[in-house]
Amino acid sequence: MIPYGRQDISQDDIDAVIATLTSDFLTQGPAVPAFEAVVADHCGVRHAVAVNSATSALHIACLALGVGPGDVVWTSPITFVASANCALYCGADVDFVDIDDRTWNMCPQKLAAKLEQAKGIGKLPKVVVPVHLCGQSCDMAAIGTLAKTYGFKIIEDASHAIGAEYAGAPVGKCTHSDIAVFSFHPVKIITTAEGGLCTTNDAALARSMQLFRSHGITRDGSEMTHASDGPWYYQQVALGLNYRITDIQAALGLSQMSRLGQFVARRREIAARYEDKLKDSGLQLPTLIEDAASSWHLYVIRVQSELRRRLFEGLRKADIGVNVHYIPVPSQPHYRNLGHDPALYPAAAKYYAEAISIPVYASMTEKDVDYVAAQILRLLDQLR
Ligand SMILES: *Cc1c(COP(=O)(O)O)cnc(C)c1O
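Using the working numbering, you'd call the opening residue of the sequence shown number 1 and step up by one each time.
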């Protein structure tokens, strides 16, 4: 089976993990800050806070921005559930902004219209979470301008997009956002097995996220309510969690970061090869916006909804591990029970009826790419 995504682990990665296992620290040692520094340097951003997953990263990002009961957080309906769940964890409500038919990312025009409506009824969002679907940045300049006009904060869900660029800068630089979040799950661009990371240029937000990552506990006297009782002393100043990443994971992440450029370059080659082989197939292929260079976490094709299921099954039968990213979040039973109605997002519904994610990962061979493309063309011929 050719999977839709998989990690690429080198001997250097293995050696880095083993070196950590035999060192003094399995967690809270030097590898975590070293990993954070390398990611911050790559992004050209001031601060990076690594945690045990992107789900945790989204949660502490919301906490640091003060999301709580009575607040509303908006995200895209076409995303993994974690982009929305982070608001529910904080006791806030979630709402969705429909996608653009071409980029499949949150549509800035629909966002603007929804903001104007929300302003009228006094229900503006506290935070908007744009998701860089498949690794292509959202139109962050437009969303950033709206943030200034309507006074909301922005958390970029860049889980798919480490190594991607927007307007000539790395995604994660936070030029138009308060915080950006990456995922290092094995199917993503680089991996720490499980892991995530927040970037920000705001020192106070970074410190706040560090506290929420580890129980809300500080050993810094300047953050305490009274003078320290002694060298053993710490204070819990907020209700934090244990979202720490281990040194073992960070060592793997550090080693993987040295190949980020290679991984993304290879994914771009694969995407270009698919584009070339499938451009006359009648499928809707990914549309790239001018300002963005995708990291190609996913390669999604869209086929008429009547054919989607049979094409999907045919590809699975041909040993190709296709998938669908994503089922619209408002259609999930948990969200329907909260009163959400997926019919409010017609572009998302149409996308969901047509989308198939085909394999793309750094170690995928040319032969595999050609096989996948040939099977798609063969099945389309049969089905049409
Ligand atoms: C993978 C993913 C997440 C969650 O990442 P984890 O590291 O598995 O918690 C969040 N948002 C999006 C868009 C993702 O693809």
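No residue lacks a Cβ here, since even glycine has one placed at the ideal position from N, Cα and C.
Backbone secondary structure at residue i - three-state DSSP
| i | result |
| --- | --- |
| R102 | coil |
| T385 | Here the chain covers residues 1 to 384 and nothing more, so residue 385 does not appear. |
| N337 | helix |
| Y180 | With the sequence shown as reference, residue 180 is identified as Ala, and Tyr is not the correct amino acid for it. Note: A180 maps to strand in three-state DSSP. |
| V300 | strand |
| D157 | strand |
| I14 | helix |
| T55 | helix |
| Q7 | coil |
| A164 | coil |
| A48 | strand |
| S137 | coil |
| I320 | strand |
| P170 | strand |
| T287 | coil |
| A272 | helix |
| A362 | coil |
| T22 | coil |
| V38 | helix |
| I327 | coil |
| V372 | helix |
| V67 | coil |
| S294 | coil |
| I60 | helix |
Length of the line joining the Cα atoms of residue i and residue j
| i | j | result |
| --- | --- | --- |
| M44 | I179 | The question names Met, yet the displayed sequence has Gly at residue 44. Whole-angstrom Cα-Cα distance: 13 Å. |
| G66 | G253 | 29 Å |
| P231 | G221 | 10 Å |
| P69 | V32 | 32 Å |
| I78 | A227 | 49 Å |
| K136 | I155 | The residue asked about is misnamed: residue 136 is Gln in this sequence, not Lys. Approximately 16 Å between the Cα atoms of the pair. |
| Y4 | I18 | 28 Å |
| V38 | M224 | 30 Å |
| V187 | Q7 | 6 Å |
| N242 | A318 | 43 Å |
| R309 | V303 | 10 Å |
| H325 | E354 | 11 Å |
| V322 | F96 | 27 Å |
| M106 | I99 | 4 Å |
| I2 | Y150 | 46 Å |
| E275 | G91 | 43 Å |
| Q235 | S214 | 12 Å |
| T75 | D229 | 45 Å |
| L383 | S281 | 12 Å |
| A84 | K153 | 15 Å |
| Y233 | G216 | 14 Å |
| S255 | S183 | 16 Å |
| L260 | A238 | 35 Å |
| I270 | L133 | 17 Å |
| S177 | I376 | 39 Å |
| A204 | A64 | 9 Å |
Any non-hydrogen atom of ligand 2 within 8 Å of residue i CB
| i | result |
| --- | --- |
| R266 | Summarising the ligand content, the structure contains ligand 1 and does not contain ligand 2. |
- Message: Does the region 134-142 come into contact with the region 284-292, if we say contact requires no fewer than three beta-carbon pairs (one atom in each stretch) closer than 8 Å?
- Response: yes
- Query: Can you list the beta strand (DSSP E) stretches of 3 or more residues lying completely in the region 182-248, in chain order?
  - Reply: 196-200
- Every unbroken alpha helix (DSSP H) within the region 73-100, with a cutoff of 4 residues, ordered by chain: 82-89
- Query: Just the residues with CB closer than 6 Å to a heavy atom of ligand 1, in chain order, which are they?
  - Reply: S53, A54, T55, T79, F80, A82, S83, V131, D157, S159, H160, S183, H185, G196
- Query: Touching or not, the region 161-171 and the region 258-267, by the rule of three or more beta carbon pairs under 8 Å?
  - Reply: yes
- Message: Under 8 Å: do the region 190-197 and the region 44-57 share three or more Cβ pairs, one atom per stretch?
- Response: yes
- Message: Taking contact to mean 3 or more Cβ pairs, one atom from each stretch, closer than 8 Å, check whether the region 298-312 and the region 330-346 are in contact.
- Response: no
- When the Cβ atoms of the region 14-31 are set against those of the region 341-352, are three or more pairs found closer than 8 Å? no
- Query: Just checking, does the region 103-118 make contact with the region 359-378 on the three C-beta pairs under 8 Å criterion?
  - Reply: no
- On the three-pair Cβ rule with 8 Å, is the region 55-62 touching the region 99-113? no
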